[in-house]
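Novice:
Protein chains: 2
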Amino acid sequence: MKFILACVGCSREYDAETPLWRCRVCGSPISLKIEDYPELNRFQDIVEDDLTLWRYGKLIPFSDFRVSIGEGLTPVHIHSFRGMEITFKFEYFSPTGSFKDRGASAGVTRANALQASTIVEDSSGNAGLAYSAYAAVGGLRARIYVPEDAPPAKLRLVSAFNAELVKCRSREEASERAVSELKQGEMYVGHLWDPFFMEGIKTEVFELYEFSNIDFDAVVVPTASGSHLLGIYRGFIDLLEMGFIDELPAFIAVQSAGCSPVYEEFYGEKFEGDGSLADGLRIKNPPRMREILKVLRANGDVVVVNNDEIREAIKYLLKLGILVEPTSATSWAGMMKLESEYRKILMPLTGTGIKTAEKLQNL
Amino acid sequence: MKFILACVGCSREYDAETPLWRCRVCGSPISLKIEDYPELNRFQDIVEDDLTLWRYGKLIPFSDFRVSIGEGLTPVHIHSFRGMEITFKFEYFSPTGSFKDRGASAGVTRANALQASTIVEDSSGNAGLAYSAYAAVGGLRARIYVPEDAPPAKLRLVSAFNAELVKCRSREEASERAVSELKQGEMYVGHLWDPFFMEGIKTEVFELYEFSNIDFDAVVVPTASGSHLLGIYRGFIDLLEMGFIDELPAFIAVQSAGCSPVYEEFYGEKFEGDGSLADGLRIKNPPRMREILKVLRANGDVVVVNNDEIREAIKYLLKLGILVEPTSATSWAGMMKLESEYRKILMPLTGTGIKTAEKLQNL
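What follows is the structure, given as structure tokens:
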């Protein structure tokens, strides 16, 4: 199979080995394309005997250079609620406790293949931790730019992995400095931009197809940079192109009040309120806005939730025995606000509540 | 299949439905026996289509009443080190971040089957959290007795699950009060005593047999109450009884300096030093001492590690991208002290380092 990097703005194409993080001509984000999908009778024919997401290595770039430590193959649990069938997928049963491990595994794999000395990331916490861990696995150095008010437990863990931690005044400053301070031989793998990140995420969909069920009316995903939503979309597209499914579910982005740029673009209006409990959803200018809007406009929606709604969602999930961070609980909160006929819903649970213990008490 | 409760002291037998936590006659711990193992050509013939440890439900008591939320089916990663092949099994990729989730799932399942109103546990942290979560899953109340110096993050999470938290002056007081304050309709499920806990743990071994490899020279396990070591032993015994293996690996218990009663019984001497970083290994009088010694004396050993050795182990594992708590890192530290010819080693990684972030920095 051949992978191509394609600019989502000007459509210029690059070889997959080109070490770039955005289009050299127009500056837009890059996406990955597969030129020649394999012709398969059974999906199983492409699956390797590997109990991580790399069992789908034939569909992931640079898989010969995989940097892996047990990510993927997460369990699901089906929960019935008001006539709906909710499929939880436990993305925080993973090396550093969030879905970011999938993307970091694929992203660091590319850095490893292209022989970068150092990976550079900007993050509000979970991604920085995931990339720090995978840099360690791959024997690369890591430098992580974070806003100074990122959750302390997450920052302590980034330090534990010996990554260089650069504290910035804001999430925006972290994004800006991560690329402006890039040096020769270093590779920017920021998940807001890096298309390889999404090649790791898409394996969530392959696992559902291989092990449980792929028949969903809608997928509900907390959305900041959109890399999770777009990664899942990408997985469905791969299945569609290979002929294993013939339609896509609706995609529901959930944002937090106070930082809901996708909602504002989609509906053309502001959304007031405070959703600051969801500290992982603070991207004011997601680089992939156009791609997100395209997916949602084809078949989807965006809802915004506030702290009260997030607290109710956390409480409900805890009663089910589910321990997630507030950012992850926004999907339940968002689903509760949906006015829809969706019956079969996929809800990836994105981050463990262990990192944010102090936010889960006295709700 | 028929399960029998058997006293490990006086051999008295009880029906599996009997709601007891130790022998009514002599007060010794109870173990579970299977009277009539199935005759199978292939292990697969007994495996259910369930992507949790309950796929082995036919070998677990009360499986019709299962209380489950994604536990088990943890990944493995093989690491080569000084001529040895170490198989890490990631037991903290789980609902509450430790191997205790397996035991809690099986233990609360029994409480659910016997219609207890409340489960009661004593714990230094991880078990309390696991039982709180599974009580929520099963719709039972939970009361957890903990030493007041248990890690704060773990206690906050127990509270988040709405369990009643009873702080005690010591680990011993927690154990004592958990049973002395037991009321009608409540069930003591303390993992130091409860044999059903180990019925959950044993599934680690079934997964290795089904998905990867069961050929180990030795199993290295951090040991406090011994419930993890004995649970793994139990899994191997089940495979042996069903004819799928014909020998057992050696069992290596790792204890921490300052609290090493198994070492003292095994070698008849004290072990001085400070291993207090391993806050999960503080059981001074493990009720199952006799069973532990029997396993180790048949083929095994016990090693004791101190804080310096634990710190080195944490650092080494972090360099591999592995984020475990100090208690879990004792197995690596212990293996480093083994003078042995073991080449193929199973090392379950028992608890996430996310809960103990403050102990992983500046080592």
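Protein chains in written order, with my numbering: chain A, 1081 to 1443; chain B, 1081 to 1443.
Yeah, the Cβ is synthetic: ideal placement off N, Cα and C, and Gly gets one too.
Ignore the nearest five residues each way along the sequence and tell me which others in residue 1301 (chain B)'s own chain have a CB closer than 6 Å to its CB.
Specialist: Along the second sequence, read from residue 1 onward, the residue named residue 1301 (chain B) stands at position 221. Only 1308 and 1309 meet the Cβ criterion.
Novice: Measuring only the C-alpha atoms, how far is residue 1117 (chain A) from residue 1147 (chain B)?
Specialist: Here residue 1117 (chain A) corresponds to residue number 37 of the first sequence, with the count starting at 1. Here residue 1147 (chain B) corresponds to residue number 67 of the second sequence, with the count starting at 1. Their Cα atoms are separated by approximately 42 Å.
Novice: Could you give the distance in angstroms between the alpha-carbon of residue 1443 (chain A) and the alpha-carbon of residue 1388 (chain A)?
Specialist: One-based indexing of the first sequence puts residue 1443 (chain A) at position 363. One-based indexing of the first sequence puts residue 1388 (chain A) at position 308. Roughly 9 Å between the two C-alpha positions.
Novice: Please report how far the alpha carbon of residue 1478 (chain B) lies from the alpha carbon of residue 1257 (chain B), in whole angstroms.
Specialist: As shown, chain B starts at 1081 and ends at 1443. That puts residue 1478 (chain B) outside it, with no answer to give.
Novice: Quick one: which chain B residues come within Cβ less than 7 Å of residue 1438 (chain A)?
Specialist: Start at 1 with the first residue of the first sequence, and residue 1438 (chain A) comes out as number 358. Near residue 1438 (chain A) (Cβ distances below 7 Å), the residues of chain B are 1236.
Novice: If residue 1174 (chain B) sits next to residue 1154 (chain B), beta carbons under 8 Å apart, how far is it from one beta carbon to the other, in whole angstroms?
Specialist: Position 94 of the second sequence holds residue 1174 (chain B). Position 74 of the second sequence holds residue 1154 (chain B). Residue 1174 (chain B) to residue 1154 (chain B), Cβ: 7 Å. Contact.
Novice: Step through the CB atoms of chain B and report whether any lies within less than 8 Å of the CB of residue 1441 (chain A).
Specialist: The sequence position of residue 1441 (chain A) within the first sequence is 361, counting from 1. Cβ-Cβ to chain B under 8 Å: yes for residue 1441 (chain A).
Novice: At the 8 Å Cβ level, is residue 1132 (chain A) part of the contact set with chain B, yes or no?
Specialist: Stepping through the first sequence from its first residue, residue 1132 (chain A) is reached at position 52. For residue 1132 (chain A), the answer is yes, since a Cβ of chain B falls inside 8 Å of its Cβ.
Novice: Which residues in chain B sit within 8 Å of residue 1170 (chain A), going by Cβ to Cβ distance?
Specialist: Position 90 of the first sequence, counted from the first residue, corresponds to residue 1170 (chain A). Here the neighbours are 1150 and 1175.
Novice: Quick check: is the beta carbon of residue 1406 (chain A) nearer than 8 Å to any beta carbon in chain B?
Specialist: Your numbering for residue 1406 (chain A) matches position 326 in the first sequence. Output row for residue 1406 (chain A): interface = no.
Novice: Between the alpha carbons of residue 1280 (chain A) and residue 1090 (chain B), how many angstroms are there, rounded?
Specialist: For the purposes of this step, residue 1280 (chain A) is taken as residue 200 along the first sequence, with counting starting at 1. For the purposes of this step, residue 1090 (chain B) is taken as residue 10 along the second sequence, with counting starting at 1. Distance between the alpha carbons of residue 1280 (chain A) and residue 1090 (chain B): 56 Å.
Novice: I'd like to know whether the C-beta of residue 1402 (chain A) is nearer than 8 Å to at least one C-beta of chain B.
Specialist: Mapped onto the first sequence, residue 1402 (chain A) falls at position 322. Yes, residue 1402 (chain A) lies at the interface with chain B (some Cβ there is under 8 Å from its Cβ).
Novice: Quick one: Cα of residue 1144 (chain B) to Cα of residue 1206 (chain A), how far?
Specialist: To locate residue 1144 (chain B), count along the second sequence from 1; it is residue 64. To locate residue 1206 (chain A), count along the first sequence from 1; it is residue 126. For residue 1144 (chain B) and residue 1206 (chain A), the distance between alpha carbons rounds to 38 Å.
Novice: Between which residues of its own chain and residue 1246 (chain A) is the CB-CB distance below 6 Å, once the five residues before and five after are set aside?
Specialist: For the purposes of this step, residue 1246 (chain A) is identified with residue 166 of the first sequence, where counting begins at 1. Excluding positions up to five away in sequence, the list reads 1225.
Novice: How big is the Cα-Cα spacing for residue 1140 (chain B) and residue 1312 (chain B)?
Specialist: On the second sequence, residue 1140 (chain B) is found 60 positions in, with the first residue counted as 1. On the second sequence, residue 1312 (chain B) is found 232 positions in, with the first residue counted as 1. In a straight line, the C-alpha of residue 1140 (chain B) is about 14 Å away from that of residue 1312 (chain B).
Novice: Around the Cβ of residue 1087 (chain A), are there at least 16 other Cβ atoms within 10 angstroms (buried) or fewer (exposed)?
Specialist: Taking the first sequence and counting its residues from 1, one reaches residue 1087 (chain A) at position 7. By the neighbour-count rule (16 or more Cβ atoms within 10 Å), residue 1087 (chain A) is buried.
Novice: Leaving out the 5 sequence neighbours to the left and right, which residues in its chain are closer than 6 Å to residue 1363 (chain B) when beta-carbon positions are compared?
Specialist: Locating residue 1363 (chain B) in the second sequence gives position 283, where the first residue counts as 1. Excluding residues within five positions, the ones whose Cβ falls inside 6 Å are 1304 and 1305.
Novice: For residue 1215 (chain A), which residues in the same chain have their Cβ closer than 7 Å to its Cβ, ignoring the five residues on either side in sequence?
Specialist: Along the first sequence, read from residue 1 onward, the residue named residue 1215 (chain A) stands at position 135. Around residue 1215 (chain A): 1188, 1199, 1221, 1222 and 1243.
Novice: Counting only the same chain and skipping the five closest in sequence on each side, list residues whose C-beta sits under 7 Å from that of residue 1370 (chain A).
Specialist: Sequence index remark: in the first sequence, residue 1370 (chain A) carries index 290 (1-based). Counting only Cβ-Cβ distances below 7 Å, and skipping sequence neighbours, we find 1088.
Novice: Can you grab the Cα-Cα spacing for the pair residue 1464 (chain A) / residue 1365 (chain A), in whole Å?
Specialist: For chain A, the structure presents residues 1081 to 1443; residue 1464 (chain A) sits outside this window and is missing.
Novice: Kindly indicate which three-state DSSP category residue 1150 (chain A) falls into: helix, strand or coil?
Specialist: Locating residue 1150 (chain A) in the first sequence gives position 70, where the first residue counts as 1. Coil at residue 1150 (chain A), not helix or strand.
Novice: Cβ of residue 1197 (chain B) within 8 Å of Cβ of residue 1097 (chain B)?
Specialist: Working through the second sequence from its first residue, we reach residue 1197 (chain B) at position 117. Working through the second sequence from its first residue, we reach residue 1097 (chain B) at position 17. The answer is no: Cβ separation not under 8 Å.
Novice: Quickly, what does DSSP pair residue 1124 (chain B) with across the bridge? List them, please.
Specialist: In the second sequence, the residue the question calls residue 1124 (chain B) occupies position 44. For residue 1124 (chain B), which the question treats as bridged, DSSP gives no partner whatsoever.
Novice: Anything in chain A within Cβ reach of residue 1398 (chain B), meaning under 8 Å, just list it in chain order.
Specialist: By one-based count along the second sequence, residue 1398 (chain B) stands at place 318. By Cβ distance, chain A contributes 1216, 1240, 1241 and 1242.
Novice: Can a CB atom of chain B be found closer than 8 Å to the CB of residue 1155 (chain A)?
Specialist: On the first sequence, position 75 is the one that residue 1155 (chain A) refers to. Yes, contact with chain B.
Novice: Tell me the rounded alpha-carbon separation between residue 1296 (chain A) and residue 1334 (chain A).
Specialist: In the first sequence, residue 1296 (chain A) corresponds to position 216, counting from 1. In the first sequence, residue 1334 (chain A) corresponds to position 254, counting from 1. Their Cα atoms are separated by approximately 17 Å.
Novice: Please list the partners that residue 1435 (chain A) has in chain B, where partner means a Cβ-to-Cβ separation under 7 Å.
Specialist: What you label residue 1435 (chain A) is simply residue 355 of the first sequence in a count that begins at 1. Those within 7 Å of residue 1435 (chain A) in chain B are 1434.
Novice: Any contact between the region 1313-1332 of chain A and the region 1428-1440 of chain A? By contact I mean 3 or more CB pairs, one from each, below 8 Å.
Specialist: Flag = no, the region 1313-1332 of chain A and the region 1428-1440 of chain A do not touch.
Novice: Compare the C-beta of residue 1291 (chain B) with all C-beta atoms of chain A and state if any pair is closer than 8 Å.
Specialist: For the purposes of this step, residue 1291 (chain B) is taken as residue 211 along the second sequence, with counting starting at 1. Yes, residue 1291 (chain B) counts as interfacial toward chain A.
Novice: Near residue 1318 (chain A), what residues of its chain come up, given a Cβ to Cβ distance below 8 Å and the 5 sequence neighbours on each side ignored?
Specialist: Here the question's residue 1318 (chain A) lines up with position 238 in the first sequence. 1114, 1117, 1139, 1282, 1285 and 1286.
Novice: With 7 Å as the C-beta to C-beta threshold (strictly closer), list the residues of the region 1199-1225 of chain A near chain B in chain order.
Specialist: Those residues of the region 1199-1225 of chain A that come within reach of chain B (Cβ to Cβ, closer than 7 Å) are 1213, 1214, 1216 and 1217.
Novice: Run down chain B in chain order and give the residues with a C-beta less than 8 Å from the C-beta of residue 1233 (chain A).
Specialist: On the first sequence, position 153 is the one that residue 1233 (chain A) refers to. Under the 8 Å cutoff, chain B gives 1233, 1434 and 1437.
Novice: Looking only at its own chain, which residues have a Cβ that is under 6 Å from the Cβ of residue 1422 (chain A), when we skip the five neighbours before and after it?
Specialist: Residue mapping note: residue 1422 (chain A) aligns to position 342 of the first sequence, counting from 1. Taken in chain order, the residues that qualify are 1297 and 1298.
Novice: Would you list, in sequence order, the uninterrupted alpha helix (DSSP H) runs of no fewer than 4 residues that lie entirely inside the region 1249-1335 of chain A?
Specialist: List check, alpha helix (DSSP H) in window: 1251-1260, 1275-1281, 1283-1291 and 1307-1321.
Novice: Rounding to the nearest angstrom, what Cα-Cα distance links residue 1414 (chain A) and residue 1408 (chain A) in this structure?
Specialist: Here residue 1414 (chain A) refers to the residue found at position 334 when the first sequence is read from its first residue. Here residue 1408 (chain A) refers to the residue found at position 328 when the first sequence is read from its first residue. Their backbone Cα atoms lie some 11 Å apart in a straight line.
Novice: Report the rounded CA-to-CA distance for residue 1103 (chain A) versus residue 1094 (chain A), giving the unit in angstroms.
Specialist: Here residue 1103 (chain A) is taken as the residue at index 23 of the first sequence, counted from 1. Here residue 1094 (chain A) is taken as the residue at index 14 of the first sequence, counted from 1. Their backbone Cα atoms lie some 9 Å apart in a straight line.
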